[in-house]
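Heads up, the sequence shown is in my numbering, so the first residue is 7 and it goes up one at a time.
C-beta atoms are modelled at their ideal positions from N, C-alpha and C, and glycine is treated no differently.
Written out below as structure tokens is the structure these notes cover.
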Amino acid sequence: MIGNKILRIMVLLGILILLAAPASSQMNRDTPFLASKIPRTSESSIGQGQQPPSPVVISTPFNAQASSDLYLVADAANTTCNQASFILILTPSPSGSSGYQPVKVRVMENRMGSPTAVAELTILLPASGGSLHQTIGFASAASASGSNEITLEVDPDRQVAETDERNNTLAISTACRS
């Protein structure tokens with residue numbers, strides 16, 4: 007019986023010690039002597055630590071192009087004296103852009119030897135790259151019979167960063183039928 011009481015007291019004492027240990031360490035953390043254990047630093051050097059160099063190496067992208075490129079392909083079969091048909095292509099950039107890129111297309115007709123803008127359209131292309139077949143109609147000054155030279159110019163205001171700005175113009179000659 008006495009052994010049973012001693013065992014109960016020992017278990018109760020063990021539980022109290024287990025509960026008191028975290029409380030004791032919590033109290034030690036908040037003691038005023040804790041500040042003496044922290045190394046001294048000047049106020050101006052706080053937050054100006056140096057990071058070790060990163061082991062991550064950034065490789066160059068597989069696509070060596072600096073940016074996207076726009077270009078036009080004529081659809082001569084569907085181009086007439088009063089409409090221009092073409093395919094507009096935007097190559098993807100290596101930066102992995104998202105969203106849509108507005109691209110302006112201007113249609114010019116050669117009137118009396120002078121190119122005159124007859125239509126303009128803004129097309130949205132996926133910034134990640136893509137193509138679009140488009141037909142733009144316009145009022146033509148060309149005669150009912152003969153030929154008409156239509157010039158398409160993509161991104162005439164140079165708003166899209168491209169690898170080659172020289173491939174933004176396409177001339178199409180078409181026969182006018184009465």
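Can you tell me whether residue i sits near the ligand HEM, meaning its C-beta is under 7 Å from at least one heavy atom of the ligand?
{"i": "E155", "result": "In the structure shown, the ligand HEM is absent, as is every other ligand, since no ligand is present at all."}
Just reading off the beta strand (DSSP E) that residue i is part of, what are its end residues?
{"i": "V79", "result": "76–80"}
{"i": "Q165", "result": "Here Q165 belongs to no beta strand (DSSP E), and DSSP marks it neither H nor E."}
Using DSSP bridges, identify the partner residues of residue i.
{"i": "V160", "result": "V111"}
{"i": "R117", "result": "S120"}
{"i": "I95", "result": "Y77, S137"}
{"i": "T86", "result": "Q89"}
Secondary structure at residue i, three-state DSSP: helix, strand or coil?
{"i": "A181", "result": "strand"}
{"i": "E155", "result": "strand"}
{"i": "A125", "result": "strand"}
{"i": "L176", "result": "strand"}
{"i": "G9", "result": "helix"}
{"i": "G105", "result": "coil"}
Compute the Euclidean distance between the alpha carbons of residue i and residue j, then round it to the nearest angstrom.
{"i": "V124", "j": "S179", "result": "16 Å"}
{"i": "D161", "j": "G143", "result": "19 Å"}
{"i": "P121", "j": "T157", "result": "8 Å"}
{"i": "L94", "j": "D81", "result": "10 Å"}
{"i": "G9", "j": "I15", "result": "10 Å"}
{"i": "L131", "j": "N116", "result": "28 Å"}
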